[in-house]
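Protein chains in written order, with our numbering: chain U, 70 to 368; chain D, 7 to 695.
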C-alpha cells in the first residue's frame, strides 16, 4: 500500500479505546505538497488520527503510511521526517528556548538553526528566556518554530494555532506554512478554526465520530456542496433529492444542502410556480451542516 | 538514547544537589547533637543512631523519588507526547531514562552519603553502618525499580511513589513468607530474604519496559494489567529458577559464611556454631557424615550449621540460632532453637517454648518441627543437654517439668514425639550435663538432685540406682545438689560425677548460705556401674565456679577441669586439672588467670589442652604441663577451643582482626573461621568456611 504522490495514506484505519471507536475505518489521502485541513467536532478523532500517524499509539486495525513508510514498522524513520506540534503543547519548562532548540537539534540528523531563529526573532521571543516564564502563545510559537527546525517533509499542527494571538497566527500561517508549501512540503492542520483553514488549506477532510465523511480539495468541496432554496407557493410538497441533508421545510420555501451539486439539479427542481436557487456555502457552513447531519444520522 | 539520557541528567541535577543538601543537613544535625551530647543533653548512642538512620533513609528516599518521577512526571507535565514524537524508539527512550535515573540516584546518594559519612565516620562505625551497605544497596535498588515500574504504568508521581512503597513492603512480606515456607514449597529451606526480594527486580524491570514500549500508559491511561502480569510472571519464574539453581549449585558450594561462633567437637564428630553473613543459599545435603552440631545466638544473620569436618561440606544449614547435631549414623539431624531471644518473650509464656526440628538428611526433608514437650512450655521453658543416643534412635534432653522447674530427662523418637520420660531429676536449675546415654545406647544414666545416679534400661523401662553421693559423705538430708556433671567413659566401664552441693536450710532462698557466706561442697567421684566400686577423688568446701569432665579416648584417664578455690580470687587466678587414672589421681594447678570458664580437649596420646582467656596449656600423658608458646601460641592467638577432630588436630574458632567493644560488652570481630591446628607443629588449616 503505497502511493508516492501521497504524503499520508491510510487504509481502513481503526482505533478502539474499549468500546469507543475513536477512528472507524478512515481512508485518508493527503497529497504531497498539500495544505490539508482535517476538521471535525470535539471528540471526532483528530488527535487520535495524528497520534496514530506518529505511532504514539498503534491502530487497532488498518494501516497508515506516512511519506511512503508504514508508521507501525518504521516509526523512527517517519518521525525523523515529520514535525509535530500539539495543542497547547507543554514543554520542559526548566529549559531555556535556546536549550530546547539545542536539545531538538541533537535529536535530528538535519537541522536549520536559521529557520528556528528567524521565526523566534520575528515574533520577538528571547532565546535566553526560560520556557516556564513564557506565555502559552509564546510557547506555542517556540514549539512550532522548533518543529520546523529539521526541515520536515510533513508538518502536523494538531490544533497548534489555538491560543495564538493574531500576529503570531499570521506569522505562522504566512511565513511558515507558505514557506512549506512553496518548497513542496506537506502540512496537516487539525482544528476547528474554519476561517483559517479556509484561507490556507487546499485540501480538507471532515472527521465525524471517527469517520472521514468527506475528503476533497477546497475548490471541489465548495463547488460540490451547495445550499438549495426552492421557493414555492403554499404548502406544496418539494421532493428533495436523495442525499440531501439539513432539510428545512418552511411555509413557502424548502431549504436543504446537497453534497453533489450539479446545475442539472436546479433544472429538475424548477417547475410551475417553483424556483430553485443554489447558494455557495462558506467552509464553516459546510462543516457545520456536514457535522450535524452525520452526528444526527449516527444517532 | 544519549540525548534522552543527557536531558534527564540535566533535568535531574537538582536531585543530586538535593542529596548533597540532605547529607549536609545530617552533618549539621550531627554537629548540633554532638554539642548537645557534650553538654549532657543527649546520649551519644542516640546521636550515632540518628546519623545511621538518616544515612540509611536518604538513599531509600532518593531511590523512590527518582524512580517515581522518571515517567510519571512526563505524563503529569504533558510532555510525554513531545518526547515520544522525537525520532527515537520507545526502547531508546526507556533505556535512556532508566539509566539516567540510576545515574542520578547513585550520584545523589554519593553526594548525600560520602561527604557526610566522612564527617560523621566515628558515629557510623559505632552503629555498624557499613555492614548494612549491601542491604542498603539492595533496598535502594528494589525501591528504585519498584518506583520505576509504577512510574511507567501510573500517570501520577504521587501514585507511583505510594504504590512503590506498598510494593516494597509487600515484596518483603512475600520474601518473609517464601523464606519461612520455602522449605515446604521447594524442598529444603532456600534463600535469604534479601535474595527473595531481589528476585522481584527482573520482573519489575521487564514489566516497566514492556509497559512502556508496548503499552500506552504514557498517555495518562492506567494500563497496569499487562505490565503487572508480566512482572508477576517473571517474578515467579525467577523464583523457580533461583530455587532450582540454588538447589543444584549448593550441592557442592558452601554458604557464604564469613563468621562463625563458638564451636566444640562432640563424640560423634564435630560441632560448629556458624554465625554467617550474606549466605544466599542454605540447603541440607545428603552426605557422608562424620559429625556435627552447632550453637549460635544473638545476630539476625545467625545460622546453625552441621558440618562434615573432613570435607567441610554443610550437612544442615538453618537460619536459626540453635544447636544442630547429626545422628551418629548420619541419617538424621536435630536442630534445637529458641524461637525468640529470651528478652523478647511475650506474655504468653506457653507459646515461647524452644523448638525442635528433626531432619531426615537422606531425603533432605524436615520431618518434625515444633515444641515437642508440652510441659516444658512455661516460665522456665528450656531444653538443655540435648544429644543423640549412640544407636541414633533417640534424642535425649533435660527439660524442666512445667512451672515446678524440676528437671527430668525426656527421650524423643525420630517422629518428635516424647517416647520416654525419665524420673524427675529434681533440681531447681542446673549447670552442667547431668545425664548420659550408656555407650551402647541401651540405657540412660542420670544424676538426681539427691545425689544418686540411676540407670534406666530403655528396653524394659526398669531402673535402679547404681551409685549414691552418700558414698562420698554427702547425705541428701543435709545437702542439695544443684550443679553437676555426669560423664560415662567411652568404654562404658566407668562413670565420673562432678557436682556441687549446697547445705540445706529451711527455705530454698537460704540454700547454700549461712551467716552471710556460701556453704557448699564440691565432689569428684568415679565409680564402676557394674560393681558399684567408687573412688572419691575430691571432696572440698571450695567455691566451685565450673567443672568439666573429659575422658581420654581409651577411657584410661579422666580429666576434670575446674575453676575453684577457697576464695574467688583463687578461682580467678588458676585452673585446677584433676587427672584421674585407673589407680592414681593427681591435681595439676595451672596459672591461668581469667574470668571465664576453662575449655579443654583431649588430643591423641592422651594429651589434654586447656584454654582460658587465650592462654593455652598442654598436659602430656606423663602429667607434665607446659604452656603453649612460640609458633603454636601465635597460631592459637585469637582462637577458642572447639575440640579435637578424629585426626587429633585441635579445632578452634579463630578470629581475624581486633575485637571491638560496644557499650561495655564485646562486639563482633570482622570475621572468623573454624581451623584445625596441629599442636605439635603449629600448622593451621582453615576448615570452614
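Just so you know, even glycine gets a beta-carbon here, dropped at the ideal spot from N, CA and C.
As assigned by DSSP and simplified to three states, the class of residue i
i, result
"residue 580 of chain D", "coil"
"residue 126 of chain U", "coil"
"residue 349 of chain U", "strand"
"residue 23 of chain D", "helix"
"residue 495 of chain D", "coil"
"residue 194 of chain U", "coil"
"residue 117 of chain D", "helix"
"residue 7 of chain D", "coil"
"residue 692 of chain D", "strand"
"residue 319 of chain U", "coil"
"residue 421 of chain D", "coil"
"residue 380 of chain U", "An answer regarding residue 380 of chain U cannot be provided, because it is not within the stretch 70 to 368 covered by chain U."
"residue 566 of chain D", "strand"
"residue 94 of chain D", "coil"
"residue 612 of chain D", "helix"
"residue 75 of chain U", "strand"
"residue 597 of chain D", "coil"
"residue 15 of chain D", "helix"
"residue 149 of chain D", "helix"
"residue 83 of chain D", "helix"
"residue 199 of chain U", "strand"
"residue 178 of chain U", "coil"
Beta-bridge partners of residue i, as assigned by DSSP
i, result
"residue 372 of chain D", "D:365"
"residue 55 of chain D", "Note: residue 55 of chain D sits in no beta bridge, so no partner."
"residue 406 of chain D", "D:413"
"residue 473 of chain D", "D:459"
"residue 393 of chain D", "D:402"
"residue 679 of chain D", "D:660"
"residue 441 of chain D", "D:452"
"residue 489 of chain D", "D:506"
"residue 132 of chain U", "U:80"
"residue 340 of chain D", "D:331, D:364"
"residue 295 of chain U", "U:327, U:349"
"residue 204 of chain U", "In the DSSP output, where bridge partners are listed per residue, residue 204 of chain U has none listed."
"residue 107 of chain U", "U:259, U:274"
"residue 542 of chain D", "D:531"
"residue 217 of chain D", "The partner list for residue 217 of chain D (beta bridge, DSSP) is empty, contrary to what the question assumes."
Beta-carbon contacts of residue i that lie in its chain and below 7 Å, excluding the five residues immediately before and after
i, result
"residue 109 of chain D", "15"
"residue 588 of chain D", "562"
Proximal residues to residue i (C-beta, below 6 Å), its chain only, five neighbours per side dropped
i, result
"residue 212 of chain U", "154, 158"
"residue 106 of chain D", "11, 14, 15"
"residue 7 of chain D", "98, 101, 102"
"residue 173 of chain D", "152"
"residue 469 of chain D", "460, 462"
"residue 472 of chain D", "459, 461, 535"
"residue 425 of chain D", "417, 419"
"residue 444 of chain D", "498"
The stretch 69-92 of chain D: positions lying closer than 8 Å to chain U by Cβ: 83, 84, 85, 87, 88, 90, 91, 92
For the stretch 89-122 of chain D, which residues have a CB atom closer than 7 Å to at least one CB atom of chain U, in sequence order? 90, 91, 92, 93, 94, 95
For the stretch 158-189 of chain U, which residues have a CB atom closer than 7 Å to at least one CB atom of chain D, in sequence order? 158, 159, 160, 161, 163, 172, 175, 176, 177
With 7 Å as the limit, tell me which residues of the stretch 8-22 of chain D have their beta carbon closer than that to any beta carbon of chain U; keep them in chain order. 9, 13, 17
Say whether the stretch 25-45 of chain D touches the stretch 189-198 of chain U, bearing in mind that this needs 3 or more beta-carbon pairs closer than 8 Å, one atom from each stretch. no
Counting Cβ pairs, one atom from each stretch, are 3 or more of them under 8 Å apart for the stretch 73-91 of chain U and the stretch 230-238 of chain U? no
For the 8 Å Cβ check, are there 3 or more pairs between the stretch 119-138 of chain U and the stretch 63-70 of chain D? no
Would you check if the stretch 338-345 of chain U and the stretch 89-104 of chain U touch, i.e. whether three or more CB-CB distances between them fall below 8 Å? no
Given a limit of 8 Å on CB to CB distance, which residues of the stretch 272-299 of chain U reach chain D? none
Could you tell me whether the stretch 16-29 of chain D touches the stretch 293-311 of chain U, where touching means 3 or more Cβ pairs closer than 8 Å? no
Quick test of the definition: if touching needs 3 or more C-beta pairs under 8 Å, does the stretch 596-612 of chain D touch the stretch 526-541 of chain D? no
The stretch 224-235 of chain U contacting the stretch 259-271 of chain U, beta-carbon criterion three pairs below 8 Å: yes
Residues in the stretch 110-142 of chain U having any Cβ partner in chain D nearer than 9 Å: 120, 123, 124, 125, 126, 127
The stretch 269-285 of chain U contacting the stretch 208-224 of chain U, beta-carbon criterion three pairs below 8 Å: no
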